[in-house]
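One structure is given below, encoded as structure tokens.
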Amino acid sequence: MAGPAPREASADDFDRTVDILAEAFAEDPVMSWTLGGRGRAGILFRELGRRLYRPHGFSHVAGDDAATWWLAPGRPAVMKGADQAALAWSLLRTCGLATLRRAARVGKIAEQAHPPYPHYYLFAVGVRPRARGGGLGGRLIAEGLKRADADGAPAYLENSNPRNTPLYRRLGFVAGAPLPLPAGAPTLLAMSRAPAAAPS
1 MAGPAPREAS ADDFDRTVDI LAEAFAEDPV MSWTLGGRGR AGILFRELGR RLYRPHGFSH
61 VAGDDAATWW LAPGRPAVMK GADQAALAWS LLRTCGLATL RRAARVGKIA EQAHPPYPHY
121 YLFAVGVRPR ARGGGLGGRL IAEGLKRADA DGAPAYLENS NPRNTPLYRR LGFVAGAPLP
181 LPAGAPTLLA MSRAPAAAPS
């Protein structure tokens, strides 16, 4: 396995993680459909990161090439009040009303699909295109899964790109039903993992 070693991100790494995830998701099928075009992921990651994942979550990075964002059990998985309004305003101003409505609908569907039991939530794993194929994404996810396993807690994610399904399965995730997104949307697949599941 090549590339930098994974480590837990610090507060100083926030901008780095936003940049990595924005580039990694620039052509993601679900993200592009939700935001009404390619290359808009940075808008969402910046606001979600500032208002949800930086204060409430944890992250791992591998150099300047890969990053993950997680929420532990008991942490809020959605923004409320002023934070939600700020995200809505940012999307309205930069992407338009149709995109705001679509993003709100997708967000609500994703929120309702979360398991009813406490779980670790992998919101995003991203590897810059230049560093793909070297196993960085899997190594970073494994760091978060160590924490879940230590707590005896399951993990959950939404898979927005079918290319990633084999990786998630190797790490012990099992596919559930696709989320009921609006007609014409790409597939967003719920996947869960029991604690201490060994990669195959």
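Sequential numbering from 1 applies to the sequence shown in this note's numbering.
Beta carbons are placed, not taken as given, at the ideal position from N, Cα and C, and that holds for glycine.
Quick caveat: nothing in here was measured; it's all calculated off a predicted structure.
Mapping the DSSP letters down to three states, classify residue 159 as helix, strand or coil. For the purposes of this step, residue 159 is identified with residue 159 of the sequence shown, where counting begins at 1. Annotated three-state conformation of residue 159 is strand, per DSSP.
Member of 49, 34, 69, 24 whose CA lies at the smallest distance from the CA of residue 7: Within the sequence shown, the letter at position 7 stands for residue 7. Looking at the Cα atoms, 69 is the closest of the given residues.
Relative to the C-alpha of residue 35, which candidate in 126, 61, 88 has its C-alpha closest? The residue given as residue 35 occupies position 35 in the sequence shown. Looking at the Cα atoms, 88 is the closest of the given residues.
With distances taken between CB atoms, is the gap from residue 148 to residue 195 smaller than 9 angstroms? Here residue 148 corresponds to residue number 148 of the sequence shown, with the count starting at 1. Here residue 195 corresponds to residue number 195 of the sequence shown, with the count starting at 1. Yes; because the gap between Cβ atoms is below 9 angstroms, this pair is in contact.
Residue burial classification, residue 187 (beta-carbon count within 10 angstroms, cutoff 16): As a working mapping, residue 187 is identified with position 187 in the sequence shown. So residue 187 counts as exposed.
How long is the line joining the alpha carbons of residue 220 and residue 73, rounded to whole angstroms? Beyond the ends of the chain as shown, which are 1 and 200, falls residue 220; an answer cannot be given.
Nonlocal neighbours in the same chain, by C-beta distance under 7 angstroms from residue 40, ignoring five residues either side: Numbered from 1 along the sequence shown, position 40 holds the residue referred to as residue 40. If we look at residue 40 and ignore the five residues flanking it on each side, its Cβ neighbours are 95.
Give me, in chain order, the residues of the same chain whose beta-carbon lies closer than 7 angstroms to that of residue 131; leave out the 5 immediate sequence neighbours on both sides. For the purposes of this step, residue 131 is identified with residue 131 of the sequence shown, where counting begins at 1. Result list for residue 131: 3, 65, 66, in chain order.
Decide if residue 12 is buried, meaning its Cβ has at least 16 other Cβ atoms within 10 Å, or exposed. Sequence index remark: in the sequence shown, residue 12 carries index 12 (1-based). When all chains shown are included, residue 12 counts as exposed.
So residue 141 packs on residue 127, CB below 8 angstroms; how close in whole Å? On the sequence shown, position 141 is the one that residue 141 refers to. On the sequence shown, position 127 is the one that residue 127 refers to. 11 angstroms between Cβ atoms; not a contact.
Going straight from the alpha carbon of residue 182 to that of residue 105, what length do you get? In the sequence shown, counting from the first residue as 1, residue 182 sits at position 182. In the sequence shown, counting from the first residue as 1, residue 105 sits at position 105. Distance between the alpha carbons of residue 182 and residue 105: 8 angstroms.
Compare the C-alpha of residue 121 against each of 158, 31, 10 and name the closest. Sequence index remark: in the sequence shown, residue 121 carries index 121 (1-based). The shortest C-alpha to C-alpha distance from residue 121 to any of 158, 31, 10 is the one to 158.
Below 8 angstroms on the Cβ atoms is my contact criterion, and I expect residue 18 with residue 42 to pass it. Report the Cβ-Cβ distance as a whole number of Å. In the sequence shown, counting from the first residue as 1, residue 18 sits at position 18. In the sequence shown, counting from the first residue as 1, residue 42 sits at position 42. The Cβ separation is near 7 angstroms, so the contact holds.
Since residue 193 contacts residue 129 with CB under 8 angstroms, what's their CB separation in whole angstroms? If you number the sequence shown from 1, residue 193 lands on position 193. If you number the sequence shown from 1, residue 129 lands on position 129. Their Cβ separation, rounded to whole angstroms, is 26 angstroms, which puts residue 193 and residue 129 out of contact at 8 angstroms.
Close-in-space but distant-in-sequence residues of the same chain around residue 119 (CB under 7 angstroms, 5 per side omitted): Numbered from its first residue, the sequence shown carries residue 119 at position 119. Counting only Cβ-Cβ distances below 7 angstroms, and skipping sequence neighbours, we find 73, 153, 154, 155, 156.
Just the C-alpha distance for residue 190 and residue 175, rounded to the nearest angstrom, thanks. Taking the first residue of the sequence shown as 1, we reach residue 190 at position 190. Taking the first residue of the sequence shown as 1, we reach residue 175 at position 175. Cα to Cα, the separation comes out at about 6 angstroms.
Distance between residue 143 and residue 111 (C-alpha atoms, nearest Å): Counted from its first residue, the sequence shown places residue 111 at position 111. Counted from its first residue, the sequence shown places residue 143 at position 143. The C-alpha of residue 111 lies about 24 angstroms from the C-alpha of residue 143.
Can you tell me whether DSSP reads residue 188 as helix, strand or coil? Looking up residue 188 in the sequence shown gives position 188. In the displayed model, residue 188 falls within coil according to three-state DSSP, outside both helix and strand.
For residue 47 and residue 57, the rounded distance between their alpha carbons: To locate residue 57, count along the sequence shown from 1; it is residue 57. To locate residue 47, count along the sequence shown from 1; it is residue 47. The alpha-carbon of residue 57 is positioned some 14 angstroms away from that of residue 47.
Is it right to say residue 150 is buried, meaning 16 or more other beta carbons lie within 10 angstroms of its own, or is it exposed? As a first step, residue 150 must be located in the sequence shown, where it is residue number 150. The residue is exposed, with fewer than 16 neighbouring Cβ atoms inside 10 Å.
To the nearest whole angstrom, what separates the beta carbons of residue 55 and residue 160, a pair I think is in contact under 8 angstroms? Taking the sequence shown and counting its residues from 1, the one referred to as residue 55 is at position 55. Taking the sequence shown and counting its residues from 1, the one referred to as residue 160 is at position 160. Cβ-Cβ separation between residue 55 and residue 160: approximately 24 angstroms, too far for a contact (criterion under 8 angstroms).
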